Amino acid sequence: MMSIKPLPFVGTDLGRARQILKSWTSLRRLTSDETDIVVRMIAQGLAEGRKHGFELAGAEGPSASQDYVDELPDTAGAQS
């Protein structure tokens, strides 16, 4: 049987995972240990998504990425 090695995640993944968990009102009854497990699962998903994004960007090459950036609208003068 092949073991699955989890990807490392960063602190921002954990912070975002906690924000996501807080928005799910049905999960508010979780114990502290259960909350930690769910947060780590969400963070793992974020890390996997980031890895996939890096792989896609690498496969397309730097010129495709630059073309995409060049097509983005200039928001330097936009107000928030």
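So in UniProt numbering, the last one in the sequence shown is 80, and the numbering has no gaps at all. From the three backbone atoms N, C-alpha and C, an ideal C-beta is built for every residue, glycine too. Remember, predicted model here, so these are calculated numbers, not experimental data.
| Item | Value |
| --- | --- |
| I want to see whether chain D comes within less than 8 angstroms of Trp24, judged by CB atoms only; does it? | Reference to chain D is not applicable here, since this structure consists of a single protein chain. |
| Can you give me the C-alpha to C-alpha distance between Pro8 and Leu14, rounded to a whole angstrom? | 11 angstroms |
| To the nearest angstrom, report how far apart Leu56 and Arg50 are at their CA atoms. | 10 angstroms |
| Are Leu21 and Ile42 touching if we call contact CB-CB under 8 angstroms? | yes |
| Which of the three DSSP states is assigned to Phe9 in this structure? | coil |
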